[in-house]
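In UniProt numbering, the protein residues as written are 1 to 281.
By construction, the Cβ of each residue, glycine as well, lies at the ideal position given by its N, Cα and C atoms.
Remarks on the structure that follows.
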Amino acid sequence: MTKIATISVLFAILMTACVSKKKYNQVENQKTALQKEISNLKSDREECNENYTELEDEVMSYKQKIAQLQGNSENKIELTQNGQVVSENTKANVRKVFAKIPADQRSKAKTLEDSINLAVGYNIKSNLLTQMKDEDRVADEAIEVSVAEPVVRITLTDKVLFKSGSYWVDKKAYNLLARIAEVINSEPNIDIRVEGHSDNIKLSEKSYIVDNWDLSIRRAASVVRTLENKFEVSGDRLIASGRSHYMPVADNSTSEGRAKNRRTTILLLPKIDRYMEIINK
Numbered sequence: 001m002t003k004i005a006t007i008s009v010l011f012a013i014l015m016t017a018c019v020s021k022k023k024y025n026q027v028e029n030q031k032t033a034l035q036k037e038i039s040n041l042k043s044d045r046e047e048c049n050e051n052y053t054e055l056e057d058e059v060m061s062y063k064q065k066i067a068q069l070q071g072n073s074e075n076k077i078e079l080t081q082n083g084q085v086v087s088e089n090t091k092a093n094v095r096k097v098f099a100k101i102p103a104d105q106r107s108k109a110k111t112l113e114d115s116i117n118l119a120v121g122y123n124i125k126s127n128l129l130t131q132m133k134d135e136d137r138v139a140d141e142a143i144e145v146s147v148a149e150p151v152v153r154i155t156l157t158d159k160v161l162f163k164s165g166s167y168w169v170d171k172k173a174y175n176l177l178a179r180i181a182e183v184i185n186s187e188p189n190i191d192i193r194v195e196g197h198s199d200n201i202k203l204s205e206k207s208y209i210v211d212n213w214d215l216s217i218r219r220a221a222s223v224v225r226t227l228e229n230k231f232e233v234s235g236d237r238l239i240a241s242g243r244s245h246y247m248p249v250a251d252n253s254t255s256e257g258r259a260k261n262r263r264t265t266i267l268l269l270p271k272i273d274r275y276m277e278i279i280n281k
């Protein structure tokens, strides 16, 4: 073999070795990248699991605090994370409470969850009524409670909260508001929206209150101030709003209907910002 031929063979061998080494390095780099991606995915999964667990704990804490509004009734209803009843004993309590609810309301329950929500609402209403002195208690229709997880809606007619023609909260309602505030203050992940509503009767031109917008807003703000100043609910958790006469629940052409429309609604809501913070971690 000539010297040139020998050099050519050696060059070919070296080129083959270089290409193999290059491919090897590419495979190694791909392997390293895949291992890193797998590690990142495992880390993300663990973080998601942690966030999910934290979110479950937050929701369960919220439900437990809301359940406190039922008081210590022997028919108290406990809920699990997924909204189902805990035990056969609690199922029996649902049946007992459900039997006490008026037939027209029971007929609205189409599912087990509907029945549970109605029963919990009935228990909350019964407990709130016990917070008022006998001489200050009014007809059952003056307090209504509805539960549609995760929201609790407490509706109070003006007879419960205000003296006639006034927008200042009557002291006779303090025990009731104190009970609501107690639950609010024990659960940081509840926000509270207070809505004032009126009938459609125009106010006297001589009144210091401008109109029904003014009245509904003043009454909502008065409840908010009472919760904040009297019962130490943090102001950054409170929302006051007025709806004037635009959301009636009864016929304004009758005195009975107008009395139902003059009401204040307190909504206990999960703090969405907190839950979104957990989800977006």
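Using three-state DSSP, classify residue i as helix, strand or coil.
i, result
"Leu269", "strand"
"Glu232", "coil"
"Thr130", "helix"
"Arg263", "strand"
"Val249", "coil"
"Val97", "helix"
"Tyr275", "Its pLDDT being 48, under 50, Tyr275 is placed unreliably in this model, and the value from its coordinates should be taken loosely. It is helical."
"Val169", "strand"
"Ile38", "helix"
"Glu28", "helix"
What's the gap between the Cα of residue i and the Cα of residue j?
i, j, result
"Ser253", "Thr155", "21 Å"
"Pro270", "Ala181", "15 Å"
"Asp199", "Arg219", "13 Å"
"Glu228", "Leu238", "8 Å"
"Leu268", "Gly121", "13 Å"
"Lys110", "Asn29", "60 Å"
"Ala250", "Gly257", "5 Å"
"Ser73", "Val152", "18 Å"
Could you round the C-beta distance between residue i and residue j to whole angstroms and report it? I think they count as a contact, below 8 Å.
i, j, result
"Asn127", "Leu69", "6 Å"
"Lys65", "Glu187", "4 Å"
"His197", "Ser216", "6 Å"
DSSP puts residue i in a beta bridge; with which residues?
i, result
"Ile239", "Arg193"
"Ile143", "Leu156"
"Ala148", "Val151"
In chain order, what residues of the same chain lie with their CB nearer than 6 Å to the CB of residue i, ignoring the 5 residues before and after it?
i, result
"Pro248", "Asn261"
"Ser204", "none"
"Ala221", "Ala240"
Please list, in chain order, all residues of the same chain as residue i whose beta carbon is under 7 Å from its beta carbon, the five residues on each side excluded.
i, result
"Leu161", "Val169, Asp170, Ala173, Val223 and Thr264"
"Ile143", "Lys125, Leu128, Leu129, Leu156 and Val160"
For residue i, which residues from the same chain have a beta carbon less than 8 Å from its beta carbon, with the 5 sequence-adjacent residues on both sides left out?
i, result
"Ile184", "Ile190, Ile192, Leu227, Val233, Arg237 and Leu268"
"residue 282", "The displayed coordinates of the chain run from 1 to 281. Any statement about residue 282 would go beyond what the structure contains."
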